[in-house]
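Notes follow once the structure below has been shown.
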């Protein structure tokens with residue numbers, strides 16, 4: 009009976025991790041190809057002038073280095089549809105790149121919170137540190 013109850017969700021923990029990892033791999037692919045559209049898609053933000061500007065900034069800082077992933081650690085520390093990812097990648101020059109961000113499942117797809125210049129949804133305030 010317990011096996012039947014645990015089988016109610018169609019997504020297993022392994023599927024969830026694999027799908028979130030795919031989002032991380034798409035992020036690295038977007039960086040390598042310097043593709044604004046791919047970066048915006050993996051970020052899950054509207055394709056507007058603000059996102060394009062920030063995508064260009066991200067690509068200027070991290071893009072075109074022929075990164076290869078050496079390590080990805082994803083923790084679903086915020087539930088089944090949100091967590092954190094830590095990535096280590098190596099550039100073609102041998103330099104290590106480390107990055108961390110939140111991973112969030114929205115509308116059935118995993119996205120990375122790589123865009124900072126986003127307004128708060130209406131009725132919600134932003135937090136500050």
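In this note's numbering, the protein residues as written are 9 to 137.
Ideal Cβ placement from N, Cα and C applies to all residues, glycine included.
Taking DSSP as the reference, what is the three-state secondary structure of residue 114? strand
Spatial neighbours of residue 121 within its chain, please: C-beta separation below 7 angstroms, excluding the five flanking residues on both sides. 109, 110, 112
For the alpha helix (DSSP H) containing residue 34, name the first residue and the last one. 21 to 41
For residue 80: DSSP bridge partner residues: 95
Quickly, what does DSSP pair residue 86 with across the bridge? List them, please. According to DSSP, residue 86 bridges with nothing at all.
Within 10 angstroms of its Cβ, does residue 61 collect 16 or more other Cβ (buried), or is it exposed? exposed
Given residue 21 as reference, the closest of 115, 114, 82 once Cα atoms are compared: 82
Inter-residue spacing [alpha-carbon to alpha-carbon] between residue 33 and residue 96: 11 angstroms
Given residue 77 as reference, the closest of 19, 103, 68 once Cα atoms are compared: 103
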